[in-house]
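Asker: Quick note, the sequences are listed as chains A, B and C, same order. Sequential numbering from 2 applies to the first sequence in my numbering. Sequential numbering from 14 applies to the second sequence in my numbering. Sequential numbering from 288 applies to the third sequence in my numbering. Just passing along the structure, written as structure tokens.
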Amino acid sequence: MEFHKLSALEIAEGVKNGKWKASEVLSAHLERIRKYDGRINSVVTLSEESARKEAEAVDRAVAEGRDPGRFAGVPFLAKDNFCTEGIRTTCCSKMLEDWIPDYDATAIKRMKEAGAVLMGKTNMDEFAMGSTTESSIFGPTLNPRDFGRVPGGSSGGSAAAVAAGFAPLALGSDTGGSVRQPSAFCGVQGMKPSYGQISRYGIVAYASSLDQVGPITRNMKDMAAAMDVLAGADPNDTTCDAYERPSFSDAVLSGIKGKKVAVLTGFDSESMDRPLVEAIDRAAEYCRAAGAEIVKAKLPITMKHAVACYYMVALGDASSKLACYDGMRYGHHADGRNLMEMYKRSRNEGFGKEVRKRILIGTCILTRGYYDNYYVPATKVRQMIADEYAELFRNVDALICPISPALPYRKGLVEEDPVRIYLGDAFSSAANLAGLPSISLNVGFTEDGLPTNVQLMGPRFGDAGLLALAQAIENEAGSPAVADIEKKGGCEE
Amino acid sequence: MIKKMVMDEERLREVLSFSCIGLPEEEYPEVLDRVNAVLRMCDEMQELVGSDVRPFEWDVIKSPARRKDIPVAWDGRDRMLDRAPVRDGDFFRVPRIIAKDGTEEEEEE
Amino acid sequence: MREPVVGLEIHLQLKTKTKLFCSCSSDYIGATPNTNVCPVCLAIPGTLPILNDHAVELAVKMGLGLHCSISDNTRFHRKHYFYADLPKAYQITQYEHPIAVGGYVDIAAGGKTKRIRVHHLHLEEDAGKLVHPTSDGRLTGASYSLVDYNRGGMPLSEIVSEPDMNSAEEVLAYITQIRQLARYLDVSDGEMESGSLRVDVNISLRNDDGSLGTRVEIKNVNSLRSIERALGYEIARQNKVLDEGGCLVRETRLWDDVAGVTRSMRSKEGERDYRYYVEMDLAPISAGPEYVEEIRKSLPEMPWEKRERFIRDHSLSEEEAAQLTEQKETADYFEECVSAGAPAAKCANWMRMEVQRLLHEMDLPIEKFPVKASELGKLIVRVEKRELSNTQAKDVLAVMAEKELPVDEAIKACGVSCGKITGPALEEIIKKVFAGEPEAVETVRAGNDKKGAKVKFLQGLVMRETRGSADPAEVASLVNSMLK
Ligand SMILES: [Mg+2]
Ligand SMILES: [Zn+2]
Numbered sequence: 002m003e004f005h006k007l008s009a010l011e012i013a014e015g016v017k018n019g020k021w022k023a024s025e026v027l028s029a030h031l032e033r034i035r036k037y038d039g040r041i042n043s044v045v046t047l048s049e050e051s052a053r054k055e056a057e058a059v060d061r062a063v064a065e066g067r068d069p070g071r072f073a074g075v076p077f078l079a080k081d082n083f084c085t086e087g088i089r090t091t092c093c094s095k096m097l098e099d100w101i102p103d104y105d106a107t108a109i110k111r112m113k114e115a116g117a118v119l120m121g122k123t124n125m126d127e128f129a130m131g132s133t134t135e136s137s138i139f140g141p142t143l144n145p146r147d148f149g150r151v152p153g154g155s156s157g158g159s160a161a162a163v164a165a166g167f168a169p170l171a172l173g174s175d176t177g178g179s180v181r182q183p184s185a186f187c188g189v190q191g192m193k194p195s196y197g198q199i200s201r202y203g204i205v206a207y208a209s210s211l212d213q214v215g216p217i218t219r220n221m222k223d224m225a226a227a228m229d230v231l232a233g234a235d236p237n238d239t240t241c242d243a244y245e246r247p248s249f250s251d252a253v254l255s256g257i258k259g260k261k262v263a264v265l266t267g268f269d270s271e272s273m274d275r276p277l278v279e280a281i282d283r284a285a286e287y288c289r290a291a292g293a294e295i296v297k298a299k300l301p302i303t304m305k306h307a308v309a310c311y312y313m314v315a316l317g318d319a320s321s322k323l324a325c326y327d328g329m330r331y332g333h334h335a336d337g338r339n340l341m342e343m344y345k346r347s348r349n350e351g352f353g354k355e356v357r358k359r360i361l362i363g364t365c366i367l368t369r370g371y372y373d374n375y376y377v378p379a380t381k382v383r384q385m386i387a388d389e390y391a392e393l394f395r396n397v398d399a400l401i402c403p404i405s406p407a408l409p410y411r412k413g414l415v416e417e418d419p420v421r422i423y424l425g426d427a428f429s430s431a432a433n434l435a436g437l438p439s440i441s442l443n444v445g446f447t448e449d450g451l452p453t454n455v456q457l458m459g460p461r462f463g464d465a466g467l468l469a470l471a472q473a474i475e476n477e478a479g480s481p482a483v484a485d486i487e488k489k490g491g492c493e494e
Numbered sequence: 014m015i016k017k018m019v020m021d022e023e024r025l026r027e028v029l030s031f032s033c034i035g036l037p038e039e040e041y042p043e044v045l046d047r048v049n050a051v052l053r054m055c056d057e058m059q060e061l062v063g064s065d066v067r068p069f070e071w072d073v074i075k076s077p078a079r080r081k082d083i084p085v086a087w088d089g090r091d092r093m094l095d096r097a098p099v100r101d102g103d104f105f106r107v108p109r110i111i112a113k114d115g116t117e118e119e120e121e122e
Numbered sequence: 288m289r290e291p292v293v294g295l296e297i298h299l300q301l302k303t304k305t306k307l308f309c310s311c312s313s314d315y316i317g318a319t320p321n322t323n324v325c326p327v328c329l330a331i332p333g334t335l336p337i338l339n340d341h342a343v344e345l346a347v348k349m350g351l352g353l354h355c356s357i358s359d360n361t362r363f364h365r366k367h368y369f370y371a372d373l374p375k376a377y378q379i380t381q382y383e384h385p386i387a388v389g390g391y392v393d394i395a396a397g398g399k400t401k402r403i404r405v406h407h408l409h410l411e412e413d414a415g416k417l418v419h420p421t422s423d424g425r426l427t428g429a430s431y432s433l434v435d436y437n438r439g440g441m442p443l444s445e446i447v448s449e450p451d452m453n454s455a456e457e458v459l460a461y462i463t464q465i466r467q468l469a470r471y472l473d474v475s476d477g478e479m480e481s482g483s484l485r486v487d488v489n490i491s492l493r494n495d496d497g498s499l500g501t502r503v504e505i506k507n508v509n510s511l512r513s514i515e516r517a518l519g520y521e522i523a524r525q526n527k528v529l530d531e532g533g534c535l536v537r538e539t540r541l542w543d544d545v546a547g548v549t550r551s552m553r554s555k556e557g558e559r560d561y562r563y564y565v566e567m568d569l570a571p572i573s574a575g576p577e578y579v580e581e582i583r584k585s586l587p588e589m590p591w592e593k594r595e596r597f598i599r600d601h602s603l604s605e606e607e608a609a610q611l612t613e614q615k616e617t618a619d620y621f622e623e624c625v626s627a628g629a630p631a632a633k634c635a636n637w638m639r640m641e642v643q644r645l646l647h648e649m650d651l652p653i654e655k656f657p658v659k660a661s662e663l664g665k666l667i668v669r670v671e672k673r674e675l676s677n678t679q680a681k682d683v684l685a686v687m688a689e690k691e692l693p694v695d696e697a698i699k700a701c702g703v704s705c706g707k708i709t710g711p712a713l714e715e716i717i718k719k720v721f722a723g724e725p726e727a728v729e730t731v732r733a734g735n736d737k738k739g740a741k742v743k744f745l746q747g748l749v750m751r752e753t754r755g756s757a758d759p760a761e762v763a764s765l766v767n768s769m770l771k
């Protein structure tokens, strides 16, 4: 049985009806990770012992006729910025190298309650600051579709692991595209739900008003099921909305007949990689085939200002949320002759170069003068961006646009052309600014085997409708297969 | 109206102290370049902002219930202290804050 | 002499059961260090603040008591600085959008009433506590410090006044008034000794031309007395500097209670940049008009309203009313006493004299006084009915307090005969007294008691002998007639 090719729901189905055992499924996945992760470095911590116990508990539940849960025996991985009880949570930083939380993030808790089995933690850019998964203290993750390329980031480990068949489902966090862009690069499906859809409790923060938990899967039905499991109010996070969620799994099947879908225009498609421009057209065609009306839309304010606005908000907040790492209660500690020296040394040694620089930029933005002239305008522009989308979604049901202007970067581009990588956030970060649901959907591969993809966006809390759209396109485009990493993998030149 | 501001070395020094981050002097130009590049990206945002535009705020469908004033004890206190870099009995311990002469000591680079 | 201009920032610790943003117990005084802590108030990664509903309610109450308007779109900000007592390296506080704005307090000082404007009241979290192992417990010179986060995250309401006070007397009256209000509304204990009321003083001098001088902030004033002294010192210091042609610097100074001086903190205060910005981990607080109205309706009678009513309804003097309404518990006691049927003036008198004296002796607050108000009322009624003399009643009250007995049992225990000594019984006593004082009796009968001193002396002895149970008027007339 090739367990690694099954979807999450197929695994759960088989576990529930006794076709196979959760422990069996787990062993197969663990073995695959052990055998092949050396090639891509997507998993930073395996928690075999606790995973075995969880899987056995599921098998026991099945044997005793109890409901083992929606995700019975589904092995999953979580980005290393999700707090996991008893399992180290490092954010791939020296700062938290030895830190073992004594609580589970709400998202982890909900997954476990649904019968899913946590196998371990995945690689990421240090403190989620990056889009290539190259700045981890555990070394870079490689793209399982092409070892010469990066998996994207910052949830690169999670996306790569799902693509490599290490797990049918992994959790990431998305602050400006950190779930969707690596999903696009690795050829899997990634979703950033509406802000306030899933609790942020237990996610080591990057930026409070942008961060959102996002599932990564290989098909949309698994995605919808994950949303059913993950979304919901949480007494530990008051920014998580308390409204009654619809069944996302029902919604995903509802089709898009008669829906109006806008295709974004008015951006520089010339500088984009050609296959990605074609992907947009293809996706629009699939929508039309599924009965939707296609229109064009422009977002002038968003296209012009989203990246700048995103950097203001994200870095400003990061400088604040990362101030708690002072080396005195937890985390990396360095001695100092006095308090300030201890702080400075601990932070300097604990944080990597990129993190330190982003903290500095963020602090600059919030200091007197700059705050009034730059930060405050950014918060107003942010509202204008949200308004621009709200206006668009008064007239259309969803938007199709690029997620990344480029195919997966070659390794090391961060050093060569950082600006290009900055601008890579142009399409993805707007969804975070406006709090909108957004899906990065695979729509096939290039001749070289590189994934192509589109971004789907919908109105705030219109996650269910967006899943239906993604499903309709996936029906036509097909869901991506597991990367054949065992055959050395991909198309490295 | 755009008020173009440029971050300079003097302010960067202050920022280094506010954020408790050290930076070798030879890296100042690189960081300043990056800060100013971000600022240049942001210059044009100033123009957009009329006085009637409100700062960003979330739309909410249903606010979560407020927390009731009921104490809940936490059992992790000892684990927390044990894992602290410097535990001193029931306390966290930190090095000297202010020297004898009353000055807040500065670290040496 | 330049006129001092003073504004205050008063931090009131709110009387909640849990901290402002987590469910840790707020009962931290005397607790083992770092026991009232949790992942939220220790700033463990991944945790988020959750606002305490009750703290908001108390802040609204206090705001209403200060005649503020309550803002229905209020927000928290982060105030950033690194310090060992601040785990997140930012304090969650209200900055641009405080919950209550634009109120006032009327104070009585110098025989006049004066209105002190309140700029705003905002909510914020407290910091932890540092312990310095120097011999005098001071920060300066300690080679290391110990941190206790039990107080970290406690809910505070900071009340910022306008610079409307011009003397130490006004400052003390204002603080007293705020404290009284906080206690009436049950919003805070308002104790300076335990730190549940803390005051920062901003003071400048107004020049002869009306312009305001440089403002100096004084911290570390931990009692009304030290505030008074610190003000006195600082006014004199600033005047002296200016008289000598010097310049004042805008700074924060610490009051040294032992030396009786303020000292410059020599900090980089001016360079500090707190980088306030909106706390997005917390939703805006929606204190809508209905919510505020509900709280407004639940407000108790305010101290000044009670004072007025006592004057009006109980015909008390200003002074009596002020004294009896100083604490809500005293006022309640008084009213219960009155409702037991005793005349208000008499109740007021008993409370201000006897009850006060006993409380002082027993070192108890009124709410712990063992004599129930209704029992004191009954006692006063019996005095009114002349069943007991004043002197007897005082003895009885003492027994009531000491042995925690109701009136009737205390009277028995005291051994006073209930009811008056009169007629023949009284004559018997008078005869006995006369027999013991033949010289005095002789002097009077001989007509040599010109000033009536001896008669008074004899009357007094009789009163004493009856332990106050006789009617003084009857004693007087009987003594007089029997001397004839
Ligand atoms: Mg304050
Ligand atoms: Zn706590």
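Quick reminder that beta carbons are idealized off the backbone N, C-alpha and C, glycines included.
State the DSSP-derived secondary structure class of R402 (chain C), mapped to helix, strand or coil.
Answerer: The residue you call residue 402 (chain C) lines up with position 115 of the third sequence. Correct three-state label for R402 (chain C): strand.
Asker: Under the criterion of a Cβ to heavy atom distance below 6 Å, does E259 (chain C) qualify as lining ligand 1?
Answerer: Lying outside 288 to 771, the shown extent of chain C, residue 259 (chain C) is not represented and no answer is given.
Asker: Give every residue of the same chain whose Cβ lies closer than 8 Å to the Cβ of S432 (chain C), excluding the five residues on either side of it in the sequence, and list them in chain order.
Answerer: Within the third sequence, residue 432 (chain C) is the residue found at index 145, counting from 1. Around S432 (chain C): A371, L417, V418, H419, P420, L426.
Asker: S320 (chain A) versus chain B: which residues are under 7 Å apart at the beta carbon?
Answerer: The residue you call residue 320 (chain A) lines up with position 319 of the first sequence. Per Cβ cutoff of 7 Å: S32.
Asker: Pairing CB atoms from the region 317 to 325 of chain C with CB atoms from the region 356 to 368 of chain C, are three or more of them under 8 Å?
Answerer: No, because fewer than three Cβ pairs between the region 317 to 325 of chain C and the region 356 to 368 of chain C fall closer than 8 Å, the two stretches do not touch.
Asker: Can you tell me which of the three DSSP states D579 (chain C) falls into?
Answerer: Taking the third sequence and counting its residues from 1, the one referred to as residue 579 (chain C) is at position 292. Checking the displayed sequence, the identity of residue 579 (chain C) turns out to be Val instead of Asp. Note: V579 (chain C) maps to helix in three-state DSSP.
Asker: Determine the direct distance from the alpha carbon of F83 (chain A) to that of I109 (chain A), and round the result to whole angstroms.
Answerer: Taking the first residue of the first sequence as 1, we reach residue 109 (chain A) at position 108. Taking the first residue of the first sequence as 1, we reach residue 83 (chain A) at position 82. Computed Cα separation, rounded: 8 Å.
Asker: What residue from C:E726, C:T709, C:K699 has the CA that sits closest to V749 (chain C)'s CA?
Answerer: Position 462 of the third sequence, counted from the first residue, corresponds to residue 749 (chain C). Per the Cα distances, C:T709.
Asker: Since K743 (chain C) is in the alpha helix (DSSP H), which residue starts that stretch and which ends it?
Answerer: Start at 1 with the first residue of the third sequence, and residue 743 (chain C) comes out as number 456. K743 (chain C) -> alpha helix (DSSP H) spans 740 to 752.
Asker: What does DSSP give as the partner residue(s) for E49 (chain A) in the beta ladder?
Answerer: Counting from one through the first sequence, the residue named residue 49 (chain A) turns up at place 48. E49 (chain A) pairs with nothing; no bridge assigned.
Asker: Any C-beta of chain B sitting closer than 7 Å to the C-beta of A371 (chain C)?
Answerer: One-based indexing of the third sequence puts residue 371 (chain C) at position 84. Yes, A371 (chain C) counts as interfacial toward chain B.
Asker: Determine whether the Cβ of A570 (chain C) lies closer than 7 Å to any Cβ atom of chain A.
Answerer: As a first step, residue 570 (chain C) must be located in the third sequence, where it is residue number 283. Closer than 7 Å: yes.
Asker: Helix, strand or coil, according to DSSP, for P786 (chain C) in the structure here?
Answerer: In the structure as shown, chain C begins at 288 and stops at 771. Residue 786 (chain C) is therefore absent and cannot be evaluated.
Asker: Please classify L499 (chain C) as buried or exposed, where buried requires at least 16 neighbouring CB atoms within 10 angstroms.
Answerer: As a working note, residue 499 (chain C) is residue 212 in the third sequence. Its Cβ having fewer than 16 others within 10 Å, L499 (chain C) is exposed.
Asker: Counting C-beta neighbours from all protein chains within 10 Å, is the total for H647 (chain C) 16 or more, i.e. buried, or is it exposed?
Answerer: Residue mapping note: residue 647 (chain C) aligns to position 360 of the third sequence, counting from 1. Exposed, because fewer than 16 other Cβ atoms sit within 10 Å of the Cβ of H647 (chain C).
Asker: By the criterion of Cβ-Cβ separation under 9 Å, what are the contact partners of G333 (chain C) in chain A?
Answerer: As a first step, residue 333 (chain C) is located in the third sequence; it is residue number 46 there, counting from the start. What G333 (chain C) touches in chain A: N82, F83, C84, T90, P102, Y104, A106, R201, Y202, G203, I204, V205, A206.
Asker: Residues of the region 81 to 94 of chain B with a CB closer than 8 Å to any CB of chain C: list them in chain order, please.
Answerer: So the list reads K81, D82, I83, P84, V85, A86, W87, G89, R90, M93, L94, given in the order they occur along the chain.
Asker: Using a Cβ cut-off of 7 Å (strictly closer), state whether G511 (chain C) contacts chain A.
Answerer: As a working note, residue 511 (chain C) is residue 224 in the third sequence. For the sequence presented, residue 511 (chain C) should be read as Leu rather than Gly. Cβ-Cβ to chain A under 7 Å: no for L511 (chain C).
Asker: Output yes or no for whether 7 Å exceeds the beta carbon distance between A232 (chain A) and R246 (chain A).
Answerer: Within the first sequence, residue 232 (chain A) is the residue found at index 231, counting from 1. Within the first sequence, residue 246 (chain A) is the residue found at index 245, counting from 1. A contact, by the Cβ cut-off of 7 Å.
Asker: Evaluate the contact criterion for the region 354 to 368 of chain A versus the region 310 to 327 of chain A: three or more CB pairs, one atom per stretch, below 8 Å.
Answerer: With the cut-off at 8 Å, the region 354 to 368 of chain A and the region 310 to 327 of chain A touch.
Asker: Ligand 4 heavy atoms versus the CB of V434 (chain C): any closer than 6 Å?
Answerer: Ligand 4 is not part of the structure shown, which contains ligand 1 and ligand 2 as its ligands.
Asker: Can you give me, in chain order, the residues of the region 16 to 37 of chain A that have a beta carbon less than 9 Å from any beta carbon in chain B?
Answerer: Per Cβ criterion, the list is empty.
Asker: If we define contact as Cβ-Cβ less than 7 Å, is P98 (chain B) a contact residue for chain C?
Answerer: Within the second sequence, the letter at position 85 stands for residue 98 (chain B). No, P98 (chain B) does not count as interfacial toward chain C.
Asker: So the candidates are C:D758, C:A700, C:L295, C:L299; which of them puts its Cα closest to the Cα of I490 (chain C)?
Answerer: As a working note, residue 490 (chain C) is residue 203 in the third sequence. For the residues C:D758, C:A700, C:L295, C:L299, the minimum Cα distance to I490 (chain C) belongs to C:L295.
Asker: For C325 (chain A), is the beta carbon positioned less than 6 Å from some heavy atom of ligand 2?
Answerer: Stepping through the first sequence from its first residue, residue 325 (chain A) is reached at position 324. Because no heavy atom of ligand 2 lies under 6 Å away, the Cβ of C325 (chain A) does not count as near it: no.
Asker: Between the beta-carbon of A608 (chain C) and the beta-carbon of I598 (chain C), is there less than 7 Å?
Answerer: Reading the third sequence from its first residue, position 321 is the one you call residue 608 (chain C). Reading the third sequence from its first residue, position 311 is the one you call residue 598 (chain C). In contact: A608 (chain C) and I598 (chain C) (Cβ atoms closer than 7 Å).
Asker: Taking only the alpha-carbon atoms, compute the straight-line gap between P385 (chain C) and E566 (chain C) and give it to the nearest angstrom.
Answerer: For the purposes of this step, residue 385 (chain C) is taken as the residue at position 98 of the third sequence. For the purposes of this step, residue 566 (chain C) is taken as the residue at position 279 of the third sequence. Rounded to the nearest angstrom, the two C-alpha atoms are 13 Å apart.
Asker: Which residue spans inside the region 666 to 727 of chain C form an unbroken alpha helix (DSSP H) run of at least 4?
Answerer: Segments of the alpha helix (DSSP H) lying fully in the region 666 to 727 of chain C: 677 to 690, 694 to 701, 710 to 723.
Asker: When DSSP labels each residue in this structure, what does N526 (chain C) get in the three-state scheme?
Answerer: Residue mapping note: residue 526 (chain C) aligns to position 239 of the third sequence, counting from 1. If DSSP states are grouped into helix, strand and coil, N526 (chain C) belongs with the helices.
Asker: Any residue with its C-beta under 6 Å from a non-hydrogen atom of ligand 2 counts. Can you list them all in chain order?
Answerer: Ordered along the chain, the selected set is C:K306, C:C309, C:C311, C:V324, C:C325, C:V327, C:C328, C:G440.
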